[in-house]
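Per numbering that gives the first Met the number 0, numbering through the sequence shown is continuous, rising by one, with the last residue being 445.
Ideal Cβ placement from N, Cα and C applies to all residues, glycine included.
Model, not experiment: these values are computed from the prediction.
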Amino acid sequence: MSSTITAHTGATSLLRFATAGSVDDGKSTLVGRLLHDSKSVLADQLEAVEHASRNRGQEAPDLALLTDGLRAEREQGITIDVAYRYFATPRRRFILADTPGHVQYTRNMVTGASTAELAVVLVDARNGVVEQTRRHAAVAALLRVPQVVLAVNKMDLAGYAEPVFAAIAEEFTTYAASLGIPEVTAIPISALAGDNVVAPSATMDWYGGPTVLEHLETVPVIADPSADPGRFPVQYVIRPQTPEHPDYRGYAGQIASGVLRVGDAVTVLPSGRTSTIEGIEALGRAVDTAWAPQSVTVRLADDLDISRGDLIAPTATVPAASQDIEATICHVADRPLRPGDRVLLKHTTRTVKAIVKDIPSRLTLDDLSQHPAPGELVANDIGRITVRTAEPLALDAYADSRRTGSFLLIDPADGTTLTAGMAGTAFAAAAETAPAAAADDEGWDF
Numbered sequence: 000m001s002s003t004i005t006a007h008t009g010a011t012s013l014l015r016f017a018t019a020g021s022v023d024d025g026k027s028t029l030v031g032r033l034l035h036d037s038k039s040v041l042a043d044q045l046e047a048v049e050h051a052s053r054n055r056g057q058e059a060p061d062l063a064l065l066t067d068g069l070r071a072e073r074e075q076g077i078t079i080d081v082a083y084r085y086f087a088t089p090r091r092r093f094i095l096a097d098t099p100g101h102v103q104y105t106r107n108m109v110t111g112a113s114t115a116e117l118a119v120v121l122v123d124a125r126n127g128v129v130e131q132t133r134r135h136a137a138v139a140a141l142l143r144v145p146q147v148v149l150a151v152n153k154m155d156l157a158g159y160a161e162p163v164f165a166a167i168a169e170e171f172t173t174y175a176a177s178l179g180i181p182e183v184t185a186i187p188i189s190a191l192a193g194d195n196v197v198a199p200s201a202t203m204d205w206y207g208g209p210t211v212l213e214h215l216e217t218v219p220v221i222a223d224p225s226a227d228p229g230r231f232p233v234q235y236v237i238r239p240q241t242p243e244h245p246d247y248r249g250y251a252g253q254i255a256s257g258v259l260r261v262g263d264a265v266t267v268l269p270s271g272r273t274s275t276i277e278g279i280e281a282l283g284r285a286v287d288t289a290w291a292p293q294s295v296t297v298r299l300a301d302d303l304d305i306s307r308g309d310l311i312a313p314t315a316t317v318p319a320a321s322q323d324i325e326a327t328i329c330h331v332a333d334r335p336l337r338p339g340d341r342v343l344l345k346h347t348t349r350t351v352k353a354i355v356k357d358i359p360s361r362l363t364l365d366d367l368s369q370h371p372a373p374g375e376l377v378a379n380d381i382g383r384i385t386v387r388t389a390e391p392l393a394l395d396a397y398a399d400s401r402r403t404g405s406f407l408l409i410d411p412a413d414g415t416t417l418t419a420g421m422a423g424t425a426f427a428a429a430a431e432t433a434p435a436a437a438a439d440d441e442g443w444d445f
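What follows is the structure, encoded as structure tokens:
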């Protein structure tokens with residue numbers, strides 16, 4: 000990889016991470032402590048939290064209120080929706096998603112963790128690894144979150160005992176390994192007291208690892224973009240047709256993965272036509288090389304029929320296009336998903352008609368078992384589906400690319416998002432494809 004790419008990616012130090020755990024494990028308190036102790040809370044925000052805490056009869060400010068922004072969350076003392084927060088330290092910028100812990104909000108955790116590069120899974124030191132802990136670890140593995148941190152919280156209520164921490168860390172690490180999570184960083188903390196969150200704990204001298212913030216600041220998240228195949232979904236076609244640019248034709252969008260270079264032989268999908276990259280423009284200037292996730296304009300040597308939703312990829316690593324998709328999904332809508340449902344499938348910048356052909360199985364996250372032929376998937380369910388699209392789509396396996404292996408199923412009637420999908424086997428075991436259903440009418444028989 001060129002030094003130019005290395006320098007650029009190294010200069011962009013942004014970490015997206017999500018917190019997860021059971022109800023009352025202290026997720027919001029941990030996030031509040033991170034914001035407070037890293038000096039990322041405005042004076043008026045802290046004053047509002049102190050006022051709300053006094054109204055609830057608490058002497059010290061309840062830092063969980065910094066993220067529990069919904070009125071229902073403040074009243075019930077739980078997290079319901081995903082709370083996104085931005086903060087920064089001198090070493091790195093962060094976008095965090097504080098996700099709900101209750102089982103009925105599993106879909107919200109999927110939303111928050113879908114773009115995360117790191118997941119912090121909290122465990123109450125008094126309770127250890129519980130069912131919801133295993134469920135959140137499974138979701139993190141399903142979504143291929145690259146880094147997982149186990150934060151054993153409320154160590155102050157467990158006497159700051161090292162054996163308690165060691166036993167929990169060993170149990171969770173063993174379970175995570177069975178899910179395919181390669182490495183877990185375990186940290187003993189007390190979010191309420193601030194132990195090992197931002198500052199090292201004075202009462203746990205037996206622990207010699209990093210604090211939560213130190214780990215977040217130093218964990219490597221910059222991947223080599225040249226290791227992934229190039230994928231460029233076209234978002235907009237630029238045709239100014241002015242006297243200065245009478246023949247200019249550029250294709251604008253964000254590089255989803257890999258690297259594009261001037262001179263590369265490329266293939267346009269789904270048409271299959273080929274050309275060569277004649278020029279690349281980034282931030283208004285011509286460049287020879289561009290890489291994910293840069294937003295650029297690409298010019299080709301040939302005038303091809305290309306529109307929004309087409310995919311430009313180097314010919315050497317062009318993905319296979321297909322109308323039949325097998326995927327693992329998390330159903331997020333309140334209305335059930337059933338075989339035969341007509342939907343819209345959105346993949347990168349392309350949206351096509353599709354039919355749900357079969358739902359072979361539903362995944363039980365408690366024990367990772369497959370429930371065959373469930374008939375439907377309801378809100379928060381994770382399962383396997385087969386979909387037939389009206390036009391070929393070039394999906395990578397989600398295990399290979401989180402960006403080009405993911406898609407959404409949308410209700411064509413009102414535009415509601417129904418399902419978040421991950422192409423290929425992802426985490427769940429592959430299911431046998433059922434025979435195709437009979438053709439439908441109304442333009443959906445494909």
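message = So, at 7 Å on beta carbons, what are the nonlocal neighbours of residue 362 in its own chain, with the 5 sequence-adjacent residues on each side left out?
response = Within the same chain, residue 362 has close Cβ partners 369, 381, 382 and 427.
message = With H, G and I counted as helix, E and B as strand and the rest as coil, what does DSSP make of residue 371?
response = DSSP places residue 371 in strand when its eight states are reduced to three.
query = Thinking C-alpha only, which one of 95, 211, 310 and 418 is nearest residue 256?
reply = Checked all of 95, 211, 310 and 418; the closest Cα to residue 256 is 310.
request  = Pick helix, strand or coil for residue 189, following the three-state DSSP scheme.
outcome  = Shown here, residue 189 sits in a strand according to DSSP, grouped into three states.
request  = Please specify which runs of the beta strand (DSSP E), each continuous and at least 3 residues long, are wholly inside the segment 173 to 248, giving them in chain order.
outcome  = Within the segment 173 to 248, complete beta strand (DSSP E) segments of at least 3 residues are found at 183 to 187 and 235 to 237, given in chain order.
Cβ contact (3+ pairs, closer than 8 Å) linking the segment 282 to 292 and the segment 335 to 350 = Not touching, per the Cβ criterion.
For residue 31, the first and last residue of its enclosing alpha helix (DSSP H) = Here the alpha helix (DSSP H) through residue 31 covers 26 to 36.
task = Count the other C-beta atoms from every protein chain shown that fall within 10 angstroms of the C-beta of residue 195, then say buried if there are 16 or more, exposed otherwise.
result = Buried, because 16 or more other Cβ atoms sit within 10 Å of the Cβ of residue 195.
ask   = If we count the other Cβ atoms within 10 Å of its Cβ and call it buried at 16 or more, is residue 187 buried or exposed?
value = Result: buried.
message = With the cut-off set at 8 Å, would you say residue 109 and residue 419 are in Cβ contact?
response = Closer than 8 Å, so yes.
request  = With a cut-off of 8 Å on the beta carbons, I'd call residue 236 and residue 307 a contact; round off their distance for me.
outcome  = Their Cβ separation, rounded to whole angstroms, is 7 Å, which keeps residue 236 and residue 307 in contact under 8 Å.
message = Tell me the DSSP secondary structure of residue 378 in three-state form.
response = Residue state, collapsed to three classes: coil.
ask   = Near residue 262, what residues of its chain come up, given a Cβ to Cβ distance below 8 Å and the 5 sequence neighbours on each side ignored?
value = These residues qualify, in order along the chain: 275 and 276.
Member of 342, 209, 328 and 334 whose CA lies at the smallest distance from the CA of residue 377 = Measuring C-alpha to C-alpha distances from residue 377 to each of 342, 209, 328 and 334 identifies 334 as the nearest.
query = With DSSP run on the structure shown, which of helix, strand or coil describes residue 91?
reply = Residue 91: coil per DSSP, three-state reduction.
ask   = Smallest Cα separation from residue 226: which of 35, 406, 400 and 407?
value = Looking at 35, 406, 400 and 407, the one whose alpha-carbon comes closest to that of residue 226 is 400.
inquiry  = Quick check on the DSSP output: what are the complete beta strand (DSSP E) runs of length 3 or more inside the segment 270 to 353, in order along the chain?
reply    = If we require 3 residues or more, the beta strand (DSSP E) runs fully inside the segment 270 to 353 come out as 272 to 281, 284 to 286, 288 to 290, 294 to 299, 310 to 313, 321 to 330 and 341 to 346.
message = Pop quiz: residue 265 and residue 250 are said to be a contact at Cβ under 8 Å. What is the actual Cβ separation, rounded to whole angstroms?
response = Their Cβ separation, rounded to whole angstroms, is 10 Å, which puts residue 265 and residue 250 out of contact at 8 Å.
query = Excluding sequence positions up to five away, which residues of its chain have a Cβ less than 6 Å from the Cβ of residue 13?
reply = If we look at residue 13 and ignore the five residues flanking it on each side, its Cβ neighbours are 92.
ask   = Should the segment 121 to 135 be regarded as contacting the segment 384 to 398, the criterion being three or more beta carbon pairs within less than 8 Å?
value = Cβ pair count under 8 Å is below three, so no.
task = Compare the C-beta of residue 198 against all C-beta atoms of chain B and say whether one is closer than 8 Å.
result = The structure shown contains no chain B; it is built from a single protein chain.
ask   = What's the C-alpha gap between residue 182 and residue 359?
value = For residue 182 and residue 359, the gap between their C-alpha atoms comes out near 31 Å.
Neighbourhood of residue 113 by C-beta, 7 Å cutoff - its chain only, sequence neighbours within 5 removed = Residues of the same chain with a CB within less than 7 Å of the CB of residue 113, apart from the 5 flanking positions on each side, are 142 and 419 in chain order.
request  = Spell out the partners DSSP gives residue 252 in its beta bridges.
outcome  = Answer is 295, bridged to residue 252.
ask   = Can you tell me whether DSSP reads residue 137 as helix, strand or coil?
value = In this structure, DSSP gives residue 137 a helical state, which the three-state scheme calls helix.
query = When DSSP labels each residue in this structure, what does residue 126 get in the three-state scheme?
reply = Three-state DSSP puts residue 126 in coil, outside helix and strand.
ask   = Rounded to whole angstroms, how far is the Cβ of residue 215 from the Cβ of residue 16, which I believe are closer than 8 Å?
value = Indeed they touch by this definition, with Cβ atoms about 7 Å apart.
ask   = Which residue comes first and which comes last in the beta strand (DSSP E) that contains residue 418?
value = Counting along the chain, the beta strand (DSSP E) containing residue 418 begins and ends at 416 to 422.
query = So, residue 96 versus residue 85, is the Cβ gap smaller than 8 Å?
reply = Not in contact: residue 96 and residue 85 (Cβ atoms no closer than 8 Å).
query = Quick one: Cα of residue 22 to Cα of residue 155, how far?
reply = In this structure, the straight-line span from the alpha carbon of residue 22 to that of residue 155 is close to 18 Å.
ask   = How many Å lie between residue 239 and residue 393 at the Cα?
value = Straight-line Cα distance between these residues: approximately 29 Å.
Alpha-carbon spacing of residue 349 relative to residue 395, whole angstroms = Cα-Cα distance, rounded: 14 Å.
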